[in-house]
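Notes follow the structure.
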Amino acid sequence: MKKFLSISDIPDLDKAIKNALELKEDSMKFSTLGKGKNLVMVFFNPSLRTRFSTKIAAQNLGLGITTLDVAQQTWPLEFGLNTIMDGHTSEHIKEAAMVLSSYFDLIAVRSFPQLKNRDIDLKDVVLKNFSKYATVPIINMESATAHPLQSFADAITIRETKINNPKIVLSWAPHPKSIPHSVPNSFVKMCKQAGMNLVIANPPGYDLDPTITSGIKVFHHQEESFENADIIYSKNWSSYESYGQVLPTDQNWMIDLAKMDLTNRAKFMHCLPVRRNVVVEDEVLDSEHSLIQRQVQNRTVAAQYVMHQILTNVPTY
Amino acid sequence: MKKFLSISDIPDLDKAIKNALELKEDSMKFSTLGKGKNLVMVFFNPSLRTRFSTKIAAQNLGLGITTLDVAQQTWPLEFGLNTIMDGHTSEHIKEAAMVLSSYFDLIAVRSFPQLKNRDIDLKDVVLKNFSKYATVPIINMESATAHPLQSFADAITIRETKINNPKIVLSWAPHPKSIPHSVPNSFVKMCKQAGMNLVIANPPGYDLDPTITSGIKVFHHQEESFENADIIYSKNWSSYESYGQVLPTDQNWMIDLAKMDLTNRAKFMHCLPVRRNVVVEDEVLDSEHSLIQRQVQNRTVAAQYVMHQILTNVPTY
Amino acid sequence: MKKFLSISDIPDLDKAIKNALELKEDSMKFSTLGKGKNLVMVFFNPSLRTRFSTKIAAQNLGLGITTLDVAQQTWPLEFGLNTIMDGHTSEHIKEAAMVLSSYFDLIAVRSFPQLKNRDIDLKDVVLKNFSKYATVPIINMESATAHPLQSFADAITIRETKINNPKIVLSWAPHPKSIPHSVPNSFVKMCKQAGMNLVIANPPGYDLDPTITSGIKVFHHQEESFENADIIYSKNWSSYESYGQVLPTDQNWMIDLAKMDLTNRAKFMHCLPVRRNVVVEDEVLDSEHSLIQRQVQNRTVAAQYVMHQILTNVPTY
Chain L
7 MKKFLSISDI PDLDKAIKNA LELKEDSMKF STLGKGKNLV MVFFNPSLRT
57 RFSTKIAAQN LGLGITTLDV AQQTWPLEFG LNTIMDGHTS EHIKEAAMVL
107 SSYFDLIAVR SFPQLKNRDI DLKDVVLKNF SKYATVPIIN MESATAHPLQ
157 SFADAITIRE TKINNPKIVL SWAPHPKSIP HSVPNSFVKM CKQAGMNLVI
207 ANPPGYDLDP TITSGIKVFH HQEESFENAD IIYSKNWSSY ESYGQVLPTD
257 QNWMIDLAKM DLTNRAKFMH CLPVRRNVVV EDEVLDSEHS LIQRQVQNRT
307 VAAQYVMHQI LTNVPTY
Chain E
7 MKKFLSISDI PDLDKAIKNA LELKEDSMKF STLGKGKNLV MVFFNPSLRT
57 RFSTKIAAQN LGLGITTLDV AQQTWPLEFG LNTIMDGHTS EHIKEAAMVL
107 SSYFDLIAVR SFPQLKNRDI DLKDVVLKNF SKYATVPIIN MESATAHPLQ
157 SFADAITIRE TKINNPKIVL SWAPHPKSIP HSVPNSFVKM CKQAGMNLVI
207 ANPPGYDLDP TITSGIKVFH HQEESFENAD IIYSKNWSSY ESYGQVLPTD
257 QNWMIDLAKM DLTNRAKFMH CLPVRRNVVV EDEVLDSEHS LIQRQVQNRT
307 VAAQYVMHQI LTNVPTY
Chain P
7 MKKFLSISDI PDLDKAIKNA LELKEDSMKF STLGKGKNLV MVFFNPSLRT
57 RFSTKIAAQN LGLGITTLDV AQQTWPLEFG LNTIMDGHTS EHIKEAAMVL
107 SSYFDLIAVR SFPQLKNRDI DLKDVVLKNF SKYATVPIIN MESATAHPLQ
157 SFADAITIRE TKINNPKIVL SWAPHPKSIP HSVPNSFVKM CKQAGMNLVI
207 ANPPGYDLDP TITSGIKVFH HQEESFENAD IIYSKNWSSY ESYGQVLPTD
257 QNWMIDLAKM DLTNRAKFMH CLPVRRNVVV EDEVLDSEHS LIQRQVQNRT
307 VAAQYVMHQI LTNVPTY
């Protein structure tokens, strides 16, 4: 693997899940692989799970680790081409990527979308420019359009349930704020790539990017979709059609025990952070069916597998 | 030791001081004890001494070290029970503590009080919730009501003076801002636990929490209290009765050389940061009687002893 | 070397450049020299190159590394003498330097000027006070008046060009903001110390501190100065005479290909960050004559040489 921008950068997802589960059993197996090499994690946005799972994963591989919180620690960056830089930004991504490539062997980047202009966000400007100008491998720690480390961890978590060909429902949830599409985008892509049995449930107006969801059945009635479900993956996202907006939609999409009762005793998943009693009721999140802690734990092995693959730069180990 | 929330979590303070002084002589004695284990230090507030003494202490024990500055690096946290999270906070402490427990072996937390509402501050909501929901040991790096790492370091510093049963005065000092009670609270508790000869001097209206100071003589005239004192521990705190307020009190409580002359050639202590020429005059702080540098140095061994005890999880080593 | 506040703290610059180039060939040669010792990097301002080159350099020497971003992580510092600290600042540099000296073996500091009052900035208050009150060596990571790590890296970069006695032009460039004099100050000092053939080109009103530039020819016409130049070092600075001001000056000082054609096929240098198409055109910055990446790479070896010299505390290794 030469970079990890998208879940599709994992060539054989089934084999990767299997290898990641083996790595989870022996997390210090490659503890000297990264010796003398350095990872920098560049954050344009807040992070808890990604920040620390990636750090622990890098540590397990023997990598040196450095964190850059852009807004607090360095210069405002320019991403435009041929820009006359007489405004707010004082350093061009071309130099920043060159500098980081000079000092580090791996660059991981987190940059959320603005959710104002769809065309701009779809260009995934920050991640793509890091990838364009850096001369070392780039790892996506959630970009404007994708969160593949989360989705790879989710794939591992689903495999661990040992449910045979589970029916998975990706179910939209209410939320007071405008939230990115990166997690559902990557989750849908991952499910398709792994050949999983996925359906999506969301209110009208909240259909995801149709180029991503093509071939997936989308329900506009939540309860209907839950029938025989083995896994409910709950997640809010803002409107894709009315881009970035929080629509005045029926708020009765929160997951509660009554809805879970409609399923085949389904497991509950969420990538976190989660707004309790808005996205999901306490009773569901705290139940024995909740997989959120496993998802958290599998973030480490997912990141470790990805960095291992990049460091060895061969299809599998 | 399974946690360190309060100075009373040290079962035998006298023995702990003795052991800490031994550890100070050979700070690398347990340099592999923490190998493969990780500490995260969670800061809701500024920190200099605590931040770095805890880091160096952890390093001396071979622990991996991670810092989280909450406001700059992660999501705003919710501490309410059964809250409908449709406001500013986006992650519940329940998940945050689970996540940190998944990635780390020790969690140290600093969170100051708001000093607006006494009942709320006395609940020590942040520290107590970390302790409630984390599944790994919690270390108090100063909470709304207590700063036991400071007081343990102070106990070590007092022992190092080799003064036999010193008379100690905890003397209130002026300050332009509203300051927490955590340091004096823990200092009083420590002195009582160690059977030290402590009196308190503060202006009327500044009496500390009576459940903590019970049995300790409180002077409302400073100079009277200084007679025969061997150690003056200077510290500001806001009013406990008129909770969090800075009262229009006589400002003549600053420590100067004339007041030190009333004592038995007393040593001067302060936990820092200290406002020069407001809390204490330069001449006193810079004198040979000042123990502030020793207090600073002993913060490292105090933290190292506490983490050693937690890592070995036995009463003494 | 006992400290590194100024380029003049390197006693024999020629020998230092030679030794640094040897160190660059074998950067792990002294990888255990710093074992058990700790560096703290104190930032009052943003940093990218300095932050990471110093970190990697320290890592190559086996030092423990800690970063302090003052504004986000600790108390506001007071630098006044005999101040009554009843205002915004809550900790005096005297204590802060003592505390850092207690926990660390090396202190590196970055603090920019305010560019409001020349007399104040020339006192280099932050760096000088750290140096005054710390009991461990201080390293200047760019102060109000000097950036010697940059200039030492620049000296190494110039040597690497293998141009025999190159003619160097330090050429002022336009910029929308008020920018410090630290980089040009140290660059001029370095060139004089190394006996390099330097001239300066800047518009009227932008002459640098004459005590620094004494003996150096200053052109007020840019193109004239470029004749036979082997190296163009481009850099903006605010006015020194009309201190800190951005004067309504002819903006035609940007470096473009036409101007580079006036030279002896000169190399282009800039310390970064650089405002593209304001300070220099894309075509020049991206050309094969640009040395900016080498300058970036040589920041690591410059910092590593300096810390090596301080750790061994002998003139050369």
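Chains as they are written, first to last, in the numbering used here: chain L, 7 to 323; chain E, 7 to 323; chain P, 7 to 323. Ideal Cβ positions, reconstructed from N, Cα and C, are used throughout, including at glycine. Quick caveat, the model's predicted, so the values are computed rather than measured.
8 Å Cβ cut-off: residues of chain E touching residue i
| i | result |
| --- | --- |
| P:Y239 | Here the premise fails: no neighbours, minimum Cβ distance about 36 Å. |
| P:T38 | Simply none; closest approach about 15 Å. |
| L:L278 | E97, E101, V105 |
CA-to-CA distance, residue j to residue i, given in whole angstroms
| i | j | result |
| --- | --- | --- |
| P:N304 | E:S108 | 40 Å |
| L:V189 | P:L45 | 39 Å |
| P:I3 | P:P210 | Nothing can be reported for residue 3 of chain P, as the shown portion of chain P is limited to 7 through 323. |
| P:L297 | P:I164 | 9 Å |
| L:I162 | L:Q299 | 13 Å |
| E:S137 | E:P143 | 8 Å |
| L:V285 | L:M260 | 5 Å |
| P:D20 | L:K195 | 59 Å |
| L:N319 | P:G68 | 28 Å |
| P:D18 | P:D262 | 36 Å |
| E:F58 | L:T72 | 18 Å |
| L:N170 | L:L176 | 18 Å |
| E:I324 | L:R281 | Since the displayed chain E opens at 7 and closes at 323, residue 324 of chain E lies outside it and no answer follows. |
| E:D160 | L:H276 | 46 Å |
| L:P52 | L:F232 | 33 Å |
| L:L128 | E:L29 | 57 Å |
| P:E97 | L:I126 | 46 Å |
N-terminal and C-terminal residue of the beta strand (DSSP E) that residue i is part of
| i | result |
| --- | --- |
| E:Y239 | 237-241 |
| L:V3 | Not covered by the structure: residue 3 of chain L. The range shown for chain L is 7 to 323. |
| P:N123 | That residue, P:N123, is in no beta strand (DSSP E); it is neither H nor E in DSSP. |
| L:T72 | 70-75 |
| L:M275 | 273-275 |
| E:A207 | 203-207 |
| L:K168 | Run containing L:K168: none; DSSP gives neither H nor E here. |
Host alpha helix (DSSP H) of residue i (start-end)
| i | result |
| --- | --- |
| E:K8 | Run containing E:K8: none; DSSP gives neither H nor E here. |
| E:T219 | 216-219 |
| P:K134 | 131-139 |
| P:I62 | 55-66 |
| P:N304 | 298-318 |
| P:K24 | 19-31 |
Proximal residues of chain P, C-beta to C-beta of residue i below 9 Å
| i | result |
| --- | --- |
| E:V105 | Correct list: empty, because the minimum Cβ distance to chain P is about 22 Å. |
| E:Q78 | D75, Q78, Q79 |
Proximal chain E residues relative to residue i, where beta-carbon distance stays under 7 Å
| i | result |
| --- | --- |
| L:T167 | Result: empty, since nearest Cβ-Cβ is about 18 Å, beyond 7 Å. |
| L:V284 | I90, M91, D92 |
Exposure of residue i, with buried meaning 16 or more beta-carbon neighbours within 10 Å
| i | result |
| --- | --- |
| L:P216 | exposed |
| P:I174 | buried |
| L:T38 | exposed |
| L:H153 | buried |
| E:R1 | Beyond the ends of chain E as shown, which are 7 and 323, falls residue 1 of chain E; an answer cannot be given. |
| P:P279 | buried |
| P:T141 | exposed |
| L:E406 | Lying before the first or after the last residue shown, residue 406 of chain L is absent from chain L, which here runs from 7 to 323. |
| E:P321 | Confidence is the limiting factor: at E:P321 the pLDDT is only 48, short of 50, which leaves the residue's position unreliable and the question unanswerable from this model. |
| P:S245 | buried |
| P:D130 | buried |
Proximal residues of chain L, C-beta to C-beta of residue i below 9 Å
| i | result |
| --- | --- |
| P:V302 | E101, M104, V105, S108, Y109 |
| P:T306 | S108, Y109 |
Listed by chain order, chain L residues near residue i by CB distance under 8 Å
| i | result |
| --- | --- |
| E:I298 | The premise fails here: E:I298 is roughly 30 Å from chain L at the closest Cβ pair, so nothing lies under 8 Å. |
| P:V189 | Chain L residues near P:V189: none, gap ~14 Å exceeds 8 Å. |
| P:D288 | N88 |
request  = Check distances from the C-beta atoms of the region 113-146 of chain P to those of chain E and list, in chain order, the residues that come in under 8 Å.
outcome  = Cβ proximity to chain E below 8 Å picks out nothing from the region 113-146 of chain P.
request  = Using a Cβ-Cβ cut-off of less than 8 Å, give me the residues of the region 43-76 of chain L that come near chain E, in sequence order.
outcome  = F49, P52, S53, L54, R55, R57, F58, S59, K61, I62, Q65, D75
key: Residues of the region 212-244 of chain L whose Cβ lies closer than 7 Å to any Cβ of chain E, in chain order   = none
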